[in-house]
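Colleague: Numbering (the numbering used here), first residue to last: 2 to 454.
Glycine included, every Cβ here is placed at the ideal spot set by N, Cα and C.
In this text, all values refer to a predicted model and were calculated from it rather than measured experimentally.
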């Protein structure tokens, strides 16, 4: 009756066994009471803090709120100048972080790529070291092992003013990923143990592929993926009761024609919506996915697929929606896709904000004052509300044809590229403390020495 999961970490198996799990070799089966107890301990609401104390950049996790940011693992990048696809490098990290810092609807930062021009064990550490000085928004960090986890944490703790201060105002979340189907790898669990021990908010998120590494049905992939997340949840809450924890992942279909994980398919936002409903029913925040595309370039397909998926995430209140800016089925990161999705997120947020109904917004007295065949342009009521009732675009064009023609007949693509270039050229993030910069240099130097041995 109980399938269980393979846990490739001896220490974790012992911890779970002592807590009541059934352990047979590497196979671990969790009694339902253990999972229910973990769900009770994990908080539904908490705050991720801006490193510079700017309250506008804090993320308040809780019911009814969706937040958006890039993802971390694309091997390639759309060059901002040539717009050609090329390998992702450590010089790209600050560009992504500055764009995230400036875009009003992008709430957290990831690197939008995997650094390929350093030792392969150090890519994640260089990503965090490049992001942290270039945005004050919360960061979702990942790592290859507990050693670069420790380096990442040392940087964040230095800026916070110590471990105790970090625990009160955590500025980053640690991302761990088990392996579908039903395997908690040694690396994922080792990083989970590090994060839980150091009270770092945690994402434990599988990436099952319907028809490949998961059942082909939506109900089946959600069932299996939840089990993979809840193994991590149970271990984390056993180690550190009350630790902020996100379940979730990238849930989509294997396209049976191309054998790829489809990032622009309607199944992705549909499965993520179903998983969101389950997570929120269970009392957990969700690590969502959206703003991504299977298109190879910044075109209509990219905008359509990305916009629909961020709208679905906004509608379902996916707590942290990542991979915004992914193109080519998660192979290539694009600053232009990220910038365009900032616009789509703003559009979506205006819809999900809804219509406020109270005596003032019902405007009965104003309607009476204007009467039939009048207009509302000069009404104080209009002047009071027009800036907040309406959403005003940064990239979408609403001018008449003659004005648009006079302004150079720019396209949405052209305006998006221009805005991204302007931000990269002019935006300056809040500076780090000098001692934090010294810690970054020390951590990177020590890491370089470690991989030489």
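1. Secondary structure at residue 253, three-state DSSP: helix, strand or coil?
2. If you count every other CB in all the chains shown that lies within 10 Å of the CB of residue 115, and 16 or more means buried, which is it?
3. What residue does the alpha helix (DSSP H) around residue 289 start on, and which one ends it?
4. Identify whether residue 88 lies in helix, strand or coil by the three-state DSSP scheme.
5. Taking the Cβ atom as the reference point for each residue, do residue 391 and residue 320 lie within a distance shorter than 8 Å?
6. Thinking just about the alpha-carbon of each residue, which of 151, 421, 172, 122 is nearest to the one in residue 136?
7. Check each candidate in 232, 429, 314 and name the one with the smallest Cα separation from residue 23.
8. Indicate the three-state DSSP secondary structure (helix, strand or coil) for residue 132 in the structure shown.
9. Just verifying my parser: in three-state terms, what is the DSSP assignment at residue 58?
10. Report yes if the C-beta distance between residue 107 and residue 133 is below 8 Å; otherwise report no.
11. Who are the near neighbours of residue 147 in its chain, counting only those whose CB is closer than 8 Å to its CB and skipping five residues on each side?
12. Using 8 Å as the threshold, is the C-beta distance between residue 252 and residue 222 below it?
13. Please name the residue in 383, 50, 332 whose C-alpha comes closest to that of residue 168.
14. Using a Cβ-Cβ cutoff of less than 7 Å, which residues in the same chain neighbour residue 95 once the five nearest sequence positions on both sides are dropped?
15. Runs of 4 residues minimum, wholly inside the stretch 2 to 49: which ones carry the alpha helix (DSSP H) assignment?
16. Which of the three DSSP states is assigned to residue 408 in this structure?
17. Taking the straight line between their C-alpha atoms, what separation do you get for residue 439 and residue 379?
18. Tell me which residues share the same chain as residue 39 and place their Cβ nearer than 8 Å to its Cβ, disregarding the 5 neighbours each side in the sequence.
19. On the three-state DSSP scale, how would you describe residue 340?
20. May I ask which residues mark the beginning and end of the alpha helix (DSSP H) holding residue 231?
21. Assign residue 140 to buried or exposed, taking buried as 16 or more other Cβ atoms, counted over all protein chains shown, within 10 Å of its Cβ.
22. Would you kindly work out how many angstroms separate the C-alpha atoms of residue 267 and residue 433, rounded to a whole number?
23. Would the stretch 358 to 375 count as touching the stretch 333 to 340 if we require 3 or more Cβ pairs under 8 Å?
24. For residue 5, collect the residues of the same chain with a Cβ closer than 7 Å to its Cβ; drop the 5 residues on either side in sequence, then sort them by chain order.
25. If you run the structure through DSSP and keep just helix, strand and coil, what is residue 427?
26. Pull the bridge partners of residue 211 from the DSSP assignment, please.
27. Report the option in 70, 245, 145, 84 whose CA atom is closest to the CA atom of residue 62.
28. Compare the C-alpha of residue 181 against each of 66, 285, 18, 250 and name the closest.
29. Along the chain, where does the alpha helix (DSSP H) that runs through residue 323 open and close?
30. Check for me: the alpha helix (DSSP H) holding residue 386 runs from which residue to which?
31. Apart from the five residues on each side of it in sequence, which residues of its chain come closer than 6 Å, Cβ to Cβ, to residue 124?
32. Using only CA atoms, which one of 405, 382, 277, 384 lies nearest to residue 45?
33. Are the Cβ atoms of residue 265 and residue 229 separated by less than 8 Å?
34. So residue 356 is in the beta strand (DSSP E); what residue range does that whole segment cover?
35. Alpha helix (DSSP H) containing residue 154: first to last residue?
36. Based on Cα-Cα distance, which residue from 154, 299, 395, 269 lies nearest to residue 166?
Modeller: If we stick to the structure as given:
1. Position 252 of the chain shown, counting from 1, holds the residue named residue 253. The answer is strand: DSSP assigns residue 253 an E or B state.
2. Residue 115 sits at position 114 when you count from the first residue of the chain shown. Answer is buried; the Cβ neighbour count reaches 16.
3. Working through the chain shown from its first residue, we reach residue 289 at position 288. Taken as a continuous stretch (DSSP letters only), residue 289 belongs to no alpha helix (DSSP H), being part of the beta strand (DSSP E) at 287 to 290.
4. Along the chain shown, read from residue 1 onward, the residue named residue 88 stands at position 87. The answer is strand: DSSP assigns residue 88 an E or B state.
5. Position 390 of the chain shown, counted from the first residue, corresponds to residue 391. Position 319 of the chain shown, counted from the first residue, corresponds to residue 320. Not in contact: residue 391 and residue 320 (Cβ atoms no closer than 8 Å).
6. As a working note, residue 136 is residue 135 in the chain shown. In terms of Cα proximity to residue 136, the closest of 151, 421, 172, 122 is 172.
7. By 1-based counting over the chain shown, the position of residue 23 is 22. Per the Cα distances, 232.
8. Translated into positions along the chain shown, residue 132 becomes position 131. Looking at residue 132 - three-state DSSP - the assignment turns out to be helix.
9. By one-based count along the chain shown, residue 58 stands at place 57. It is helical.
10. In the chain shown, residue 107 corresponds to position 106, counting from 1. In the chain shown, residue 133 corresponds to position 132, counting from 1. Contact flag unset, no.
11. Taking the chain shown and counting its residues from 1, one reaches residue 147 at position 146. Sequence-distant partners of residue 147 (beyond 5 residues in either direction) whose C-beta falls short of 8 Å from its own C-beta, in its chain, are 191, 192, 194, 195.
12. Mapped onto the chain shown, residue 252 falls at position 251. Mapped onto the chain shown, residue 222 falls at position 221. Contact: yes.
13. As a first step, residue 168 is located in the chain shown; it is residue number 167 there, counting from the start. It is 50.
14. Taking the chain shown and counting its residues from 1, the one referred to as residue 95 is at position 94. Taken in chain order, the residues that qualify are 131, 135.
15. 11 to 20, 33 to 42
16. As a working note, residue 408 is residue 407 in the chain shown. In the structure shown, residue 408 adopts coil according to DSSP, grouped into three states.
17. Within the chain shown, residue 439 is the residue found at index 438, counting from 1. Within the chain shown, residue 379 is the residue found at index 378, counting from 1. Taking the straight line joining both Cα atoms gives about 58 Å.
18. Your numbering for residue 39 matches position 38 in the chain shown. Correct list, in chain order: 231, 234, 235, 237, 238, 239.
19. As a working mapping, residue 340 is identified with position 339 in the chain shown. Residue 340: helix per DSSP, three-state reduction.
20. For the purposes of this step, residue 231 is taken as the residue at position 230 of the chain shown. Looking at the DSSP string, the run of the alpha helix (DSSP H) that includes residue 231 is 219 to 240.
21. Locating residue 140 in the chain shown gives position 139, counting from the first residue. By the neighbour-count rule (16 or more Cβ atoms within 10 Å), residue 140 is buried.
22. One-based indexing of the chain shown puts residue 267 at position 266. One-based indexing of the chain shown puts residue 433 at position 432. Whole-angstrom Cα-Cα distance: 41 Å.
23. no
24. Here residue 5 refers to the residue found at position 4 when the chain shown is read from its first residue. 28, 29, 30.
25. Translated into the one-based positions of the chain shown, residue 427 becomes position 426. Note: residue 427 maps to helix in three-state DSSP.
26. As a first step, residue 211 is located in the chain shown; it is residue number 210 there, counting from the start. Answer is 215, 254.
27. Taking the first residue of the chain shown as position 1, residue 62 is located at position 61. Closest by C-alpha distance to residue 62, out of 70, 245, 145, 84, is 245.
28. Locating residue 181 in the chain shown gives position 180, where the first residue counts as 1. Of 66, 285, 18, 250, the residue nearest in Cα terms is 250.
29. Start at 1 with the first residue of the chain shown, and residue 323 comes out as number 322. Note, residue 323: premise wrong, no alpha helix (DSSP H); beta strand (DSSP E) at 321 to 323.
30. Reading the chain shown from its first residue, position 385 is the one you call residue 386. Element bounds for residue 386: 381 to 390.
31. Position 123 of the chain shown, counting from 1, holds the residue named residue 124. Result list for residue 124: 115, 116, in chain order.
32. As a working note, residue 45 is residue 44 in the chain shown. Comparing Cα positions, the closest option is 277.
33. Translated into positions along the chain shown, residue 265 becomes position 264. Translated into positions along the chain shown, residue 229 becomes position 228. Against a cut-off of 8 Å, the Cβ pair of residue 229 and residue 265 comes out as no contact.
34. Taking the first residue of the chain shown as position 1, residue 356 is located at position 355. Counting along the chain, residue 356 falls outside any beta strand (DSSP E), and DSSP gives it neither H nor E.
35. In the chain shown, counting from the first residue as 1, residue 154 sits at position 153. 147 to 161 is the span of the alpha helix (DSSP H), which, as asked, contains residue 154.
36. For the purposes of this step, residue 166 is taken as the residue at position 165 of the chain shown. Nearest C-alpha to residue 166 among 154, 299, 395, 269: 154.
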